[in-house]
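Visitor: Got a structure here, written out as structure tokens. Questions coming.
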Amino acid sequence: MHFHGGLLSILLVVVSCPLTVRARRVAPLIEEDWARRPHRAAECTFGKQIRELGSTWFADLGPPFGVMYCIKCECIPVQKKRRIVARVQCRNIKNECPELTCKEPVLLPGRCCKSCPGDYSTDIVQDLPTQLTSEEEEQSLKHFGTLLTGRTSQALRRDEPSPTSMYNSAYNYLATGRFTFHRKNLYYSFYLSTSTPRPRSIQFVDGSGSILEEQTIDTIGGVYQNATGKLCGVWRRVPRDYRKLLREERLHVSFIWEPSATLTGQLSRYRALSTEQYSSLLEPTMGVDRSLMSGAGATAIVSASSASAPSIHVSLVFNGVFLPNDVAEVPLIVQLEHMEKDYVVLREEIIVKKPSNELNFGEVRSTLLGADLRLLTRGKLSISIMSRKDPQALRLVGVVGPRVNCEMYQTLLLSETPSAASGLAWAFLDRAGSLRYGVQLIGLEEESPLVTLVDEGGKRRTELEDLTPSLIGGLANGSLDRPGPRLLEPLFNGELAVVAASHVGSLLRGRLLQRSVADARDTAAPVLLRRLPQEPIQSGPVGLVWTAVDSDCSLHYELEIAGFPQTSFSNNHEPRSFRLYLETKPLLAQGAPVARKLLEEFSGYVLEGSVTGLSPAELYRIESGIGFLEVTDSQAERILKAQFKARAPLSCLPHCTDNDVASVVAYNLQPPRSDIETSACFHETRFYEEGTQWTSSTDPCSMCHCYRGLAQCDRVLCPALSCPQDKQLKPAPGHCCPICLGPGINMNATGKNVSLVTRGCTLAGQFHLPGASWHPYLPPVGFDTCAVCTCDPVTLEVKCPRVQCPPLDCDEKIAFRPSKKACCRQCPATTPSTANAGIVGDTTRLPRDQAAPSTRRTAEEILASGGCKYPLGGPYENGMEWHPRIHSHGEMKCVKCRCKNGEVRCDRKRCPRALCNSIAHQMKRGEYVAADGDDCCTVQCRRARRHHRNNHHPARHSVTPRELS
């Protein structure tokens, strides 16, 4: 192959790195960490695209290279011991271009090879996009089941056979399974016999024993699995080649307990599963010949009809009920009987033409009495299959119960009248055959609605059950013991509706529809997604979502939304697109900062997905119930939102105490600190944004501010008053410092307080009484004791003059401040005084940053000799330098003004790039402290990084006196 040097290195990086697998195509903000998953799916990842086995595409290297139409990639299977893994293989197809006969060939867009003008034949294999599952394929992959017994577990070819494989300690274990294929996902459901423990893992293998998919099974199932006694799961994104194996019935499933304990069964198409209503797992009973029936078992697929002539249909898959000399035309007895009474409901004989050691099939159809059909629905009947020659020695028996499928029935309750009310409902059949249900209603609490189950399958709607007695505060949870065919038939057919109606005309309705259970639905209940409260009251969209966190710390979600009008479809009749966001807050407090992530973009009204890489802090917040899911449309308009809670394994959570506010806040403020300006501070039950200041709610004489993510508070410092003690008024309620009596200040009847609380001055959001004086609060330093603000009692004008420092008796180079909070510099005690040190008007003796306007000459004399006018403190002598002052902030140390020949020029302090880089590095580590409180370069460097990132050097910014005034 011949590549350009730069492209070759990039391509080698792309194709030579180990390939990891992502859960699905999700937003790039989410970090996927699949390294801790014990088994990886057989699929390829190229860039941010997931490719299934057998797919081909052109390499897309992103900008600036784009799609390389001469680099063809494919996802190929690679045998690694017994496991099939996926690898990306790319090659240059430039040398495969055909020879051309024309003189001036052209290169068409999207092609690698040139072609003659007018020749539009395909010269190379075009990019194969990810194929969507067609309805035809989904129909062809329906109704698969399996029976796992010791006799079906034939040894598959292994590359390295183990001596322990000769003995299978799970030979007498027994299980049966059902499989549902939907949107490229294969959902599986299993019943295990009472003597069979849950396996450690499940494998899907081909005929040679190669592992195509392996999943670890939790020893403790979820809410649904524990209530039903089933084993549920899903194989997501089954590759096209493996779907072909399923369609051709060449796919097998294995349960693994330990290397010497396995069960394997073939996935076969059972047509009777299309009407299955009940199931049974049959195993050898007490008193049978164990030597003949070792490794035997059976499963029954049962359906019944409650029409004018009740009937039953039983389809059987079995082995182990034959004598050694049974080779052809073997008669067997199928019997349906009452488990508690000596009463036989059905007894039929079937003939097996050619018995098999592994799998045999048979079926029975018969009419039933109405009373017998009720016994079937109440779990009172058992089914048995036995040898007619020796029924005591060869007999399999099982109880008829709910069907094997792991399925949940759910619906959104939509308003049929203009109303903001909404709701949801869900139901499933437990191991005893009872219908467990849950209903949630919002917006009808004051109307005392009636909640009923209604059969909507016929011409007339028939009310079947009243759920109102279990409705408390908008929630209804309960169970219906052993529902009969009258309720189960519409439930299985999708014709059973939940209706909530009130006497004032409100009406909510929705049909319970079947959904496969895996991951998220194996939890207690879904959460209702609603519109925002401020939206107008009218019927509109609603949603429900199931969520769960697995042992790998992945968040699984299954979402359904409904209630969108027909106008939500575009002109080409495609559903509108949506986005699903995850939001977490460190605490449910006022002003709490929100961590927001895009989980997935999707179209349609049903979404199943998962996301990995969530931080321990995020999972902690989700488990604490302070996580939110939000659905927006393609225009980023918020449509639905819900608060949710999902239990996370302890290993996924941070090492902090539950409900420890300090720890949660600390996790919220983890590095990187580059976004420090947007961090928030938690203080006294609420959050404050960076840079804000406030009065403490518990101590009105404490001022607080948020600086670099931490709340800092300082007690109010009262300035010294110039009036005598008998002229001072005590602090008014809500105020901290006394004030002096003066014109415009009124006293109350006691003479101890001020009554004019409606008049006063406001500075930086703080209210001050007339005549009050205070030190300004300047975060992050705190109270500035070198300035005193006053509220004029007559004009209500605020003035904040700085403390005027006396002239120095020494050279300013050796002057010093005795403390960090000292306002003026002092001379060393040993410095002798000069003859002219006490001249107040000698500005050359004043500190340069505390220079005062000249008072030695008149203003006219100063201006005539080149001096400058200045709004605050002028005029200034020609050649003088000073820091300007502003009423609200005092002295501006980051700005220096100069008077030259009658003109004033003010410049901000210049910070070199090297200093900015040093400050940024120290701030990231939390070590930067401004020297002498001078934070000029910190602010300037931040501003430069935000607005001038592209090779911009800090410019010298001129400030006019008008701007400062």
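869 is the number that numbering that gives the first Met the number 0 gives to position 870 of the sequence shown; each next residue is one higher, with no gaps. Positions of the beta carbon are idealized from the N, C-alpha and C atoms, including for glycine.
Please say whether V526 and L543 have beta carbons closer to each other than 8 Å?
Guide: As a first step, residue 543 must be located in the sequence shown, where it is residue number 544. As a first step, residue 526 must be located in the sequence shown, where it is residue number 527. It is a contact, given that the beta carbons lie within the stated cut-off.
Visitor: When burial is assigned at 16 or more other CB atoms within 10 Å of the CB, is K379 buried or exposed?
Guide: Along the sequence shown, read from residue 1 onward, the residue named residue 379 stands at position 380. It is buried - the Cβ of K379 has at least 16 other Cβ atoms within 10 Å.
Visitor: Could you check the C-alpha separation between D632 and S623 for me, to the nearest Å?
Guide: Within the sequence shown, residue 632 is the residue found at index 633, counting from 1. Within the sequence shown, residue 623 is the residue found at index 624, counting from 1. Roughly 28 Å separates the two Cα atoms.
Visitor: Beta-carbon separation of L587 and I625 under 8 Å?
Guide: Position 588 of the sequence shown, counted from the start, is the residue given in the question as residue 587. Position 626 of the sequence shown, counted from the start, is the residue given in the question as residue 625. Yes.
Visitor: Identify whether F491 lies in helix, strand or coil by the three-state DSSP scheme.
Guide: If you number the sequence shown from 1, residue 491 lands on position 492. F491: helix per DSSP, three-state reduction.
Visitor: Tell me, please, whether the segment 490 to 497 touches the segment 451 to 462 by the rule of three or more beta-carbon pairs shorter than 8 Å.
Guide: Cβ pair count under 8 Å is three or more, so yes.
Visitor: Quick check on DSSP: helix, strand or coil for Y408?
Guide: Sequence index remark: in the sequence shown, residue 408 carries index 409 (1-based). Three-state result, Y408: strand.
Visitor: Once DSSP output is grouped into helix, strand and coil, what is the label at V622?
Guide: Looking up residue 622 in the sequence shown gives position 623. Strictly speaking, residue 622 in this sequence is Glu, with Val absent from that position. Correct three-state label for E622: helix.
Visitor: Could you please give the first and the last residue of the uninterrupted beta strand (DSSP E) stretch that includes N91?
Guide: Locating residue 91 in the sequence shown gives position 92, counting from the first residue. N91 -> beta strand (DSSP E) spans R82 to N91.
Visitor: Check each candidate in C651, R239, E617 and A169 and name the one with the smallest Cα separation from W256.
Guide: By 1-based counting over the sequence shown, the position of residue 256 is 257. Comparing Cα positions, the closest option is A169.
Visitor: Determine the DSSP secondary structure at C936, reduced to helix, strand or coil.
Guide: As a first step, residue 936 is located in the sequence shown; it is residue number 937 there, counting from the start. Correct three-state label for C936: helix.
Visitor: Would you call the CB atoms of N356 and R150 closer than 8 Å?
Guide: The residue given as residue 356 occupies position 357 in the sequence shown. The residue given as residue 150 occupies position 151 in the sequence shown. It is a contact, given that the beta carbons lie within the stated cut-off.
Visitor: Among all the DSSP beta bridges, which residues are the ones paired with D875?
Guide: In the sequence shown, the residue the question calls residue 875 occupies position 876. For the record, residue 875 in the displayed sequence is Tyr; it is not Asp. DSSP output for Y875 lists C867 as bridge partner(s).
Visitor: Counting only the same chain and skipping the five closest in sequence on each side, list residues whose C-beta sits under 6 Å from that of D371.
Guide: Sequence index remark: in the sequence shown, residue 371 carries index 372 (1-based). Here the set comprises V344.
Visitor: Opposite G542 in the DSSP bridges: which residues?
Guide: One-based indexing of the sequence shown puts residue 542 at position 543. According to DSSP, G542 bridges with L528 and I560.
Visitor: Whose C-beta lies closer than 6 Å to the C-beta of T227 among residues of the same chain, with five residues either side of it excluded?
Guide: Position 228 of the sequence shown holds residue 227. D429 and R430, listed in sequence order.
Visitor: Give the straight-line distance between the Cα atoms of C898 and E811, rounded to the nearest whole angstrom.
Guide: Residue numbering aside, residue 898 sits at position 899 when the sequence shown is read from its first letter. Residue numbering aside, residue 811 sits at position 812 when the sequence shown is read from its first letter. Whole-angstrom Cα-Cα distance: 20 Å.
Visitor: When you compare each of S192, C115 and L173 to V105 by their alpha carbons, which one comes out closest?
Guide: Start at 1 with the first residue of the sequence shown, and residue 105 comes out as number 106. For V105, the nearest C-alpha among the options comes from C115.
Visitor: Tell me G361's beta-bridge partners as DSSP assigns them.
Guide: One-based indexing of the sequence shown puts residue 361 at position 362. For G361, which the question treats as bridged, DSSP gives the partners L315.
Visitor: Spell out the partners DSSP gives S436 in its beta bridges.
Guide: Locating residue 436 in the sequence shown gives position 437, where the first residue counts as 1. Checking the sequence shown, residue 436 turns out to be Tyr, not Ser. Per DSSP, A426 and G477.
Visitor: Using the DSSP secondary-structure output, state which residues sit across from D713 in a beta bridge.
Guide: The residue given as residue 713 occupies position 714 in the sequence shown. According to DSSP, D713 bridges with M702.
Visitor: Between C705 and V715, is the Cβ-Cβ spacing less than 8 Å?
Guide: Taking the first residue of the sequence shown as 1, we reach residue 705 at position 706. Taking the first residue of the sequence shown as 1, we reach residue 715 at position 716. Not a contact, by the Cβ cut-off of 8 Å.
Visitor: Hey, how far is the Cα of L107 from the Cα of E42?
Guide: In the sequence shown, residue 107 corresponds to position 108, counting from 1. In the sequence shown, residue 42 corresponds to position 43, counting from 1. Approximately 32 Å, taken between the alpha carbons.
Visitor: Ends of the alpha helix (DSSP H) at N225?
Guide: One-based indexing of the sequence shown puts residue 225 at position 226. Run containing N225: V222 to T227, per the alpha helix (DSSP H) assignment.
Visitor: On the three-state DSSP scale, how would you describe Q921?
Guide: Within the sequence shown, the letter at position 922 stands for residue 921. Helix.
Visitor: If you drop the 5 nearest sequence neighbours on each side, which residues of the same chain put their C-beta closer than 8 Å to that of D783?
Guide: Residue 783 sits at position 784 when you count from the first residue of the sequence shown. Contacts found: H774, P775, Y776, L777 and G889.
Visitor: Going by DSSP, what residue range makes up the beta strand (DSSP E) through D906?
Guide: Within the sequence shown, the letter at position 907 stands for residue 906. Looking at the DSSP string, the run of the beta strand (DSSP E) that includes D906 is E902 to R907.
Visitor: Residue range of the beta strand (DSSP E) that G264 falls in?
Guide: The residue labelled residue 264 in the question sits at position 265 within the sequence shown. Unbroken beta strand (DSSP E) run through G264: A260 to Q265.
Visitor: Determine the closest residue to D288 out of D808, T467 and L393, with distance taken between C-alpha atoms.
Guide: Within the sequence shown, the letter at position 289 stands for residue 288. When each option's Cα is compared against that of D288, the closest is L393.
Visitor: Evaluate R595 with the Cβ neighbour count: other Cβ atoms within 10 Å of its Cβ, from every protein chain shown; 16 or more gives buried, anything less gives exposed.
Guide: As a working mapping, residue 595 is identified with position 596 in the sequence shown. With fewer than 16 Cβ atoms within 10 Å of its Cβ, R595 is classed as exposed.
Visitor: Ignore the nearest five residues each way along the sequence and tell me which others in K798's own chain have a CB closer than 8 Å to its CB.
Guide: On the sequence shown, position 799 is the one that residue 798 refers to. Once the five neighbours on either side are set aside, the close Cβ partners of K798 are C788, T789, D791 and H886.
Visitor: Throw me the rounded Cβ distance for the C722 and C739 pair, which I believe falls under 8 Å.
Guide: The count along the sequence shown starts at 1 and reaches residue 722 at position 723. The count along the sequence shown starts at 1 and reaches residue 739 at position 740. With 8 Å as the limit, C722 and C739 qualify as a contact, their Cβ atoms being about 4 Å apart.
Visitor: Quick one: complete beta strand (DSSP E) runs, 3+ long, within the segment 764 to 808?
Guide: Correct list: 765 to 767 and 788 to 790.
Visitor: Taking Cβ positions, are I219 and R199 nearer each other than 8 Å?
Guide: Start at 1 with the first residue of the sequence shown, and residue 219 comes out as number 220. Start at 1 with the first residue of the sequence shown, and residue 199 comes out as number 200. The answer is no: Cβ separation not under 8 Å.
Visitor: Between the segment 476 to 488 and the segment 410 to 424, are three or more C-beta pairs nearer than 8 Å?
Guide: With a cut-off of 8 Å, the segment 410 to 424 and the segment 476 to 488 do not count as touching, because too few Cβ pairs lie within range.
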